[in-house]
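Chains A and B, in that order, give the protein sequences. In terms of numbering that gives the first Met the number 0, the first sequence is residues 0 to 153. In terms of numbering that gives the first Met the number 0, the second sequence is residues 0 to 153. Where is the CB? At the ideal position from N, CA and C, for every residue including glycine. These notes concern the structure reproduced below.
Number of protein chains: 2
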Amino acid sequence: MTEPSAGACVPPELDELLCFAVYSAGLAFTRAYRAPLEAMGLTYPQYLVMVALWSEDGVMVSRLGDRLSLDSGTLTPLLKRLEAMGLLERRRAQEDERRVIISLTPEGRALGDKAADVTRCIGNAIGLSPGEITDLTGTLQRLRSHLDAAGRKA
Amino acid sequence: MTEPSAGACVPPELDELLCFAVYSAGLAFTRAYRAPLEAMGLTYPQYLVMVALWSEDGVMVSRLGDRLSLDSGTLTPLLKRLEAMGLLERRRAQEDERRVIISLTPEGRALGDKAADVTRCIGNAIGLSPGEITDLTGTLQRLRSHLDAAGRKA
DNA sequence: TGCGATTAAATCGTGCGCAATATATATTGC
DNA sequence: GCAATATATATTGCGCACGATTTAATCGCA
Numbered sequence: 000m001t002e003p004s005a006g007a008c009v010p011p012e013l014d015e016l017l018c019f020a021v022y023s024a025g026l027a028f029t030r031a032y033r034a035p036l037e038a039m040g041l042t043y044p045q046y047l048v049m050v051a052l053w054s055e056d057g058v059m060v061s062r063l064g065d066r067l068s069l070d071s072g073t074l075t076p077l078l079k080r081l082e083a084m085g086l087l088e089r090r091r092a093q094e095d096e097r098r099v100i101i102s103l104t105p106e107g108r109a110l111g112d113k114a115a116d117v118t119r120c121i122g123n124a125i126g127l128s129p130g131e132i133t134d135l136t137g138t139l140q141r142l143r144s145h146l147d148a149a150g151r152k153a
Numbered sequence: 000m001t002e003p004s005a006g007a008c009v010p011p012e013l014d015e016l017l018c019f020a021v022y023s024a025g026l027a028f029t030r031a032y033r034a035p036l037e038a039m040g041l042t043y044p045q046y047l048v049m050v051a052l053w054s055e056d057g058v059m060v061s062r063l064g065d066r067l068s069l070d071s072g073t074l075t076p077l078l079k080r081l082e083a084m085g086l087l088e089r090r091r092a093q094e095d096e097r098r099v100i101i102s103l104t105p106e107g108r109a110l111g112d113k114a115a116d117v118t119r120c121i122g123n124a125i126g127l128s129p130g131e132i133t134d135l136t137g138t139l140q141r142l143r144s145h146l147d148a149a150g151r152k153a
């Protein structure tokens with residue numbers, strides 16, 4: 000007679016939920032990046048888009064969307080803001096006018112030189128050992144791929 | 000002569016950044032929770048607020064803000080929506096009219112019975128062992144406290 | 001060749017997340 | 001008592017994040 004009432008029906012505790020740990024670490028990262036990125040004039044999501052472009056330039060919007068797992072509804076206005084800042088160009092591909100190709104300007108590429116400083120600055124704030132950081136990053140990537148796979152099925 | 004030019008100035012790779020792993024796992028969680036929470040009529044942040052209230056009811060807005068690390072600019076409209084759904088009440092404390100006390104309604108409290116199902120559903124999608132989940136949650140909590148501490152200094 | 005299906009991006013509406021500011025209440029110092 | 005200060009929440013504005021829809025270009029194929 001331990002089955003129906005107690006046990007399984009206890010609501011979860013916030014601090015035991017993995018999803019909340021991820022959620023709140025994500026917000027903490029957003030806050031931690033705000034000050035260092037202010038010097039570059041970028042928001043945190045804009046910075047992640049620039050990181051993607053510094054390693055692979057001249058790509059379609061959907062390619063960026065795949066790498067960052069964001070859709071055009073998020074990326075289009077964000078990219079327009081980066082274009083207005085003079086960091087990149089958006090132009091239709093002439094061989095297929097549906098595609099919009101994103102290319103860094105010299106200014107946008109040059110901004111990459113400051114990125115290492117930001118990474119170093121955040122690295123200090125993380126407070127984990129290099130080994131822990133590597134492990135954590137890998138485990139989170141595995142977690143993401145599992146969540147994505149489960150979502151694709153549903 | 001290896002110092003000034005090369006080495007430190009390489010922009011980071013997206014998939015090696017811990018911040019991006021956290022960011023994108025967070026988005027994946029948001030997507031994973033959408034379907035199970037739709038049955039409860041809640042968004043993911045609304046669900047986290049309810050989780051906090053199921054374990055500690057009758058609290059000030061700022062208490063919720065401390066537990067979730069969210070400010071009134073986020074919580075006030077979110078709580079108003081939950082109030083409009085009939086899940087909670089917002090009333091000024093009579094001993095200090097600056098304070099707004101959040102109390103679950105019977106409907107709000109009853110909704111907690113369905114939370115275990117949601118947790119179970121997400122648990123399947125996580126795809127990590129119980130031990131890994133515990134470790135990951137703990138490491139992320141440590142990470143968050145480091146990032147918060149670094150932010151408080153700056 | 002023509003025309004429905006598919007693909008790529010843009011648009012629209014809603015709900016966070018947060019900095020900056022405003023408002024109202026409470027406390028403190030004199 | 002009452003002005004100065006502190007505290008608690010609310011408001012405003014901006015930038016994501018994303019589902020749903022729209023627009024436009026290309027592809028498939030009879």
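Might you give, ordered along the chain, the residues of its own chain that have their beta carbon closer than 7 Å to the beta carbon of residue i, omitting 5 neighbours on each side?
| i | result |
| --- | --- |
| Arg89(B) | Leu78, Glu82, Val99 and Ile101 |
| Tyr32(B) | Tyr43, Tyr46 and Ile121 |
| Ser71(A) | Val60 and Gly64 |
| Asp56(A) | Ser102 and Leu103 |
Could you tell me the alpha carbon to alpha carbon distance between residue i and residue j, rounded to whole angstroms?
| i | j | result |
| --- | --- | --- |
| Ala24(A) | Arg143(B) | 5 Å |
| Thr29(A) | Gly130(A) | 23 Å |
| Leu69(A) | Cys18(B) | 16 Å |
| Ala114(B) | Glu37(B) | 12 Å |
| Met39(B) | Leu16(B) | 35 Å |
| Asn123(B) | Tyr22(A) | 19 Å |
| Gly150(A) | Arg119(B) | 15 Å |
| Ala92(A) | Leu74(A) | 18 Å |
| Ser54(A) | Asp116(B) | 42 Å |
| Met84(B) | Pro76(B) | 13 Å |
| Val9(A) | Val58(B) | 20 Å |
| Ala34(B) | Ala109(B) | 20 Å |
| Pro105(B) | Glu96(A) | 56 Å |
| Arg62(B) | Arg80(B) | 18 Å |
| Val48(B) | Glu94(B) | 25 Å |
Residues in the same chain with beta-carbon distance under 8 Å from residue i, minus the five sequence neighbours each way, listed in chain order, please.
| i | result |
| --- | --- |
| Ser4(B) | Here the model assigns Ser4(B) a pLDDT of 41, short of 50, so the residue's position is not dependable and the matter cannot be decided. |
| Leu127(B) | Leu135 |
| Pro11(A) | none |
| Glu2(A) | Because the pLDDT at Glu2(A) is just 42, under 50, the model does not fix this residue reliably, and the point stays unresolved. |
Can you check whether the CB of residue j is closer than 8 Å to the CB of residue i?
| i | j | result |
| --- | --- | --- |
| Leu86(A) | Gly111(A) | no |
| Gln140(A) | Ala148(B) | no |
| Leu26(A) | Val50(B) | no |
| Thr138(B) | Leu135(A) | yes |
| Ile125(B) | His145(A) | yes |
| Leu103(A) | Leu41(A) | no |
Within 8 Å of any Cβ in chain A, is that where the Cβ of residue i sits?
| i | result |
| --- | --- |
| Gly150(B) | yes |
| Arg62(B) | no |
| Ile132(B) | yes |
| Arg89(B) | no |
| Thr115(B) | The question names Thr, but residue 115(B) is Ala in the sequence shown. Closer than 8 Å: yes. |
| Thr118(B) | yes |
| Ser68(B) | yes |
| Ala124(B) | yes |
Beta-carbon of residue i versus every beta-carbon of chain B: anything under 8 Å?
| i | result |
| --- | --- |
| Pro127(A) | The question names Pro, but residue 127(A) in the sequence shown is Leu. Yes, Leu127(A) counts as interfacial toward chain B. |
| Ala109(A) | no |
| Ile100(A) | no |
| Ala92(A) | no |
| Ala31(A) | yes |
| Ser4(A) | Here Ser4(A) scores only 40 on pLDDT, less than 50, and its place in the model should not be relied on; the value that follows carries that caveat. It does not: the Cβ of Ser4(A) has no partner Cβ on chain B nearer than 8 Å. |
Report the residues of the region 9-29 of chain B with a CB closer than 9 Å to any CB of chain A, ordered along the chain.
-> Val9, Pro10, Pro11, Glu12, Leu13, Asp14, Glu15, Leu16, Leu17, Cys18, Phe19, Ala20, Val21, Tyr22, Ser23, Ala24, Gly25, Leu26, Ala27, Phe28 and Thr29
In chain order, what residues of the region 135-148 of chain B put their CB closer than 9 Å to some CB of chain A?
-> Leu135, Thr136, Gly137, Thr138, Leu139, Gln140, Arg141, Leu142, Arg143, Ser144, His145, Leu146, Asp147 and Ala148
Of the residues that make up the region 40-59 of chain B, which ones have a beta carbon closer than 7 Å to any beta carbon in chain A?
-> Leu47, Val50, Ala51, Trp53 and Ser54
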